[in-house]
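Listed in order, the protein sequences are those of chains A and B.
For the first sequence, counting from 1, position 171 maps to 171 in our numbering; every step adds exactly one.
For the second sequence, counting from 1, position 345 maps to 1345 in our numbering; every step adds exactly one.
Note that beta-carbon positions come from the ideal geometry of N, C-alpha and C, so glycine has one too.
Protein chains: 2
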Amino acid sequence: MKPTIYDVAKKAGVGIGTVSRVINNSSQITPETKSRVLKVIRDLRYQPHAMARGLAQNKSLMVAIILPSFTGYFYLELLRGIQQEISEHSYDIVLYNVDNPERIDIFMNRILRERRVDGMLLVSMSISEKYKDRFLRANFPIVLVDSFHKELDSVSVENEQGAYLATKHLIDQGHNKIGMIDAQLKSTPAKIRLQGYKKALKDHHLPFNKNYLLISDADTDKDGFNRQAGYEAMKQMLAMPDRPTAVFISSDVQAAGAIRALQEAGLTIPRDMAIVGFDDIELAQYLGLTTIHQPLYEMGRLAVHRLMERIKGKLPEHLDKHFSTHLVIRDSCGAKASSNSNTSAGNR
Amino acid sequence: MKPTIYDVAKKAGVGIGTVSRVINNSSQITPETKSRVLKVIRDLRYQPHAMARGLAQNKSLMVAIILPSFTGYFYLELLRGIQQEISEHSYDIVLYNVDNPERIDIFMNRILRERRVDGMLLVSMSISEKYKDRFLRANFPIVLVDSFHKELDSVSVENEQGAYLATKHLIDQGHNKIGMIDAQLKSTPAKIRLQGYKKALKDHHLPFNKNYLLISDADTDKDGFNRQAGYEAMKQMLAMPDRPTAVFISSDVQAAGAIRALQEAGLTIPRDMAIVGFDDIELAQYLGLTTIHQPLYEMGRLAVHRLMERIKGKLPEHLDKHFSTHLVIRDSCGAKASSNSNTSAGNR
DNA sequence: TCATTATATGGAAGGGCTTCCATGAAGAGG
DNA sequence: CCTCTTCATGGAAGCCCTTCCATATAATGA
Chain A
1 MKPTIYDVAK
11 KAGVGIGTVS
21 RVINNSSQIT
31 PETKSRVLKV
41 IRDLRYQPHA
51 MARGLAQNKS
61 LMVAIILPSF
71 TGYFYLELLR
81 GIQQEISEHS
91 YDIVLYNVDN
101 PERIDIFMNR
111 ILRERRVDGM
121 LLVSMSISEK
131 YKDRFLRANF
141 PIVLVDSFHK
151 ELDSVSVENE
161 QGAYLATKHL
171 IDQGHNKIGM
181 IDAQLKSTPA
191 KIRLQGYKKA
201 LKDHHLPFNK
211 NYLLISDADT
221 DKDGFNRQAG
231 YEAMKQMLAM
241 PDRPTAVFIS
251 SDVQAAGAIR
261 ALQEAGLTIP
271 RDMAIVGFDD
281 IELAQYLGLT
291 TIHQPLYEMG
301 RLAVHRLMER
311 IKGKLPEHLD
321 KHFSTHLVIR
331 DSCGAKASSN
341 SNTSAGNR
Chain B
1001 MKPTIYDVAK
1011 KAGVGIGTVS
1021 RVINNSSQIT
1031 PETKSRVLKV
1041 IRDLRYQPHA
1051 MARGLAQNKS
1061 LMVAIILPSF
1071 TGYFYLELLR
1081 GIQQEISEHS
1091 YDIVLYNVDN
1101 PERIDIFMNR
1111 ILRERRVDGM
1121 LLVSMSISEK
1131 YKDRFLRANF
1141 PIVLVDSFHK
1151 ELDSVSVENE
1161 QGAYLATKHL
1171 IDQGHNKIGM
1181 IDAQLKSTPA
1191 KIRLQGYKKA
1201 LKDHHLPFNK
1211 NYLLISDADT
1221 DKDGFNRQAG
1231 YEAMKQMLAM
1241 PDRPTAVFIS
1251 SDVQAAGAIR
1261 ALQEAGLTIP
1271 RDMAIVGFDD
1281 IELAQYLGLT
1291 TIHQPLYEMG
1301 RLAVHRLMER
1311 IKGKLPEHLD
1321 KHFSTHLVIR
1331 DSCGAKASSN
1341 SNTSAGNR
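Structure follows, in structure tokens:
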């Protein structure tokens, strides 16, 4: 059987309290005792039982990360940041993948009451008021990522500014019939990107034509941020009588689908249709897609950092960080791209 | 405070044992008692404390997944399969990302003794004999994925057959100077793919020229499965006096780097250099890369399935599943591609 | 009717840790 | 030399469950 703290105590000739203090390196221990106990711990290969500790201390050293279908390019970089920062705090990640929106409630419930994790990161999902209240009441640490709520810490991106940049860039290229392919508006980023698009049009005295706004996956239960949705939206757009000459698309994966639709229609990018995407996932480089870059890695780190503060019981004021974005010019918009795009490691 | 089993018992006017039996739906409970207790549970919003259960039952309902730098295209599809199957068993995933090979020992140690998880999936990593023995001795459930050990359950791919297919395909295109860019040979798949390459050469009476074999990241501590490594290997290959006219590359991400190197050198694919990759990650479609497809989703599912059997204490015979691969012909090899490649959803 | 068996239930013990309180030794102060 | 602190240490109690054993009750059979 695995050795317990009692075995260590007995073999070292000390009490269990002392062993516990050594493990948690309390200050009230003479160096001699400490080293004697440590030696026994090593000899016995003793390792404290995680759940017993958790039970006694009422904490688990784990945080939940909830993401919608975690198999997406978009989340890779984010996860890298999260992972990095979390391991620096020697916490572990419990991954929850919510593909079905209804299941989110189940997770929330479990997470809140089962006490298996000390905090949670909710990625790209909005939280219902009901659960928001429950989390707040329970004082349960939670940070939103790529999403926003005025009463909860959140880390996201200047979606409006990014969309504005994208749209303005197309305007600067001389386009005046600029469409938008957006994801479902129930997604906060999608909604705000639409605002940025509209604002850019308005600031440049272009009318907002609602026929030029297509919503991906409009009548499905998906969020619309996927390739197929982009593909279909573009097909629809191409079928329009007086179609746009340029389009801002709310994510790079959708843009990937849109590009395919254009190719299939035998159209040339950017001549027949200029495109700007959003996210700057690695794929965008390969596609030569002009897009809006978000500092995902940093977002992940900051989110975890804040979560850790909450877990440690600090009461920092409400965080509402919006990272700013920037435009990455490649080939799909018709502007001259700056030469160098040979960055990023790109693991298998 | 959160309600405990005592609160429930008291309010329902029963003993804690009874409540416990209701929770674990034991058969020995009268329907009336059961429904009364259930009602109280609902009223109190009682939820058993996960760690207390874990401590008492000595199991955690969590499984560790250890992967090398989990931010890689390659693992997305695999994770999807894993995730799917695991949630069907209502287990949760604890994710460990091992970027530094030395840290693997730390994880192993913790996992084995801390008892925070009930089993583990070790992905794309080989296990040292020392730990293999310890896991076996402790009877700790473990399944290798994309890796192999004769004493442990493992799920991987016919790497040799795949590499053979790739190489043979290049031979069939009329090439006779075929190089290989491989990852570090300490990686099992890399080693076996090399064997497949050699075998194909041999079977077709072509000599193995060791100058034509380049190892990515040869003198770093990385595994070589990354874009930068592929980029540099290709540069090196291009500098060779009598260079190959075709190359088999051990992964698609490496191939992505290699393609860039070729583009920078102003060379055309496949005219100046034909390429076949390995993995068939989504990126390969965009690159028009001919490659070897692996059924990653299925691999993930099977691995979890087997792990669950082990956890449940079944003693199935040793599993050593090698999924077979197939060639996906696109543009980079010079053969005519079959038209349709419009598959896979591609989430953000 | 009584003895016997089956069945539902209560609750102590135990799982492995932390933490608090009590204890005793050593050091400080007069 | 004696009293008062200070501080390292031992170990009981408690964290919240499950499980086993004992008990009470009902059902069965003769």
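Quick check on residue i - is its C-beta less than 8 Å from some C-beta in chain B?
{"i": "A:K2", "result": "yes"}
{"i": "A:I249", "result": "no"}
{"i": "A:L283", "result": "yes"}
{"i": "A:A50", "result": "yes"}
{"i": "A:E114", "result": "yes"}
{"i": "A:A303", "result": "no"}
Put residue i into one of helix, strand or coil per three-state DSSP.
{"i": "B:T1291", "result": "strand"}
{"i": "B:P1068", "result": "strand"}
{"i": "A:M234", "result": "helix"}
{"i": "A:S87", "result": "helix"}
{"i": "A:Y96", "result": "strand"}
{"i": "B:V1117", "result": "coil"}
{"i": "A:L214", "result": "strand"}
{"i": "A:I249", "result": "strand"}
{"i": "A:L267", "result": "coil"}
{"i": "B:L1283", "result": "helix"}
{"i": "A:I5", "result": "helix"}
{"i": "B:D1242", "result": "coil"}
{"i": "B:K1011", "result": "helix"}
{"i": "A:H149", "result": "coil"}
{"i": "A:F323", "result": "strand"}
{"i": "B:M1308", "result": "helix"}
{"i": "B:I1142", "result": "strand"}
{"i": "A:M62", "result": "strand"}
{"i": "B:L1315", "result": "coil"}
Could you tell me which chain B residues have their CB closer than 9 Å to the CB of residue i, listed as they occur along the chain?
{"i": "A:L95", "result": "I1065, L1079, Q1083, D1092, I1093, V1094 and L1095"}
Which residues in chain A have a C-beta closer than 7 Å to the C-beta of residue i? List them in chain order.
{"i": "B:M1125", "result": "Within chain A, no residue comes near B:M1125; the closest Cβ sits about 13 Å away, beyond 7 Å."}
{"i": "B:Q1263", "result": "Simply none; closest approach about 10 Å."}
Using a cut-off of 9 Å between C-beta atoms, extract the partners of residue i located in chain A.
{"i": "B:G1300", "result": "Result: empty, since nearest Cβ-Cβ is about 10 Å, beyond 9 Å."}
{"i": "B:N1159", "result": "Here the premise fails: no neighbours, minimum Cβ distance about 14 Å."}
{"i": "B:Q1047", "result": "N109, R110, L112, R113, E114 and R115"}
So which residues on chain B does residue i lean against when the C-beta distance must stay under 8 Å?
{"i": "A:H205", "result": "Simply none; closest approach about 32 Å."}
Under 7 Å between beta-carbons, which chain B residues line up against residue i? List them in chain order, please.
{"i": "A:S60", "result": "M1051"}
{"i": "A:L55", "result": "M1051, A1052 and L1055"}
For residue i, return the contacting residues in chain A, with the cut-off set at a CB-CB distance below 8 Å.
{"i": "B:Y1286", "result": "A256, L283, Y286 and L287"}
Kindly say whether residue i, judged by its beta-carbon, lies nearer than 8 Å to any beta-carbon of chain A.
{"i": "B:R1243", "result": "no"}
{"i": "B:N1024", "result": "no"}
{"i": "B:N1109", "result": "yes"}
{"i": "B:Q1184", "result": "no"}
{"i": "B:Q1236", "result": "no"}
With distances taken between CB atoms, is the gap from residue i to residue j smaller than 8 Å?
{"i": "A:P270", "j": "A:G334", "result": "yes"}
{"i": "B:I1292", "j": "B:L1165", "result": "yes"}
{"i": "B:E1088", "j": "B:G1300", "result": "no"}
{"i": "A:I82", "j": "A:L121", "result": "yes"}
{"i": "B:L1170", "j": "B:I1178", "result": "yes"}
{"i": "B:L1112", "j": "B:F1140", "result": "yes"}
{"i": "A:Y231", "j": "A:A258", "result": "yes"}
{"i": "B:D1099", "j": "B:P1068", "result": "yes"}
{"i": "A:F278", "j": "A:R330", "result": "no"}
{"i": "B:L1055", "j": "B:D1007", "result": "no"}
{"i": "A:D280", "j": "A:Q294", "result": "yes"}
{"i": "B:S1090", "j": "B:L1061", "result": "yes"}
Beta strand (DSSP E) runs wholly inside the region 1151–1236 of chain B, at least 3 long, in chain order: 1153–1157, 1178–1182 and 1213–1215
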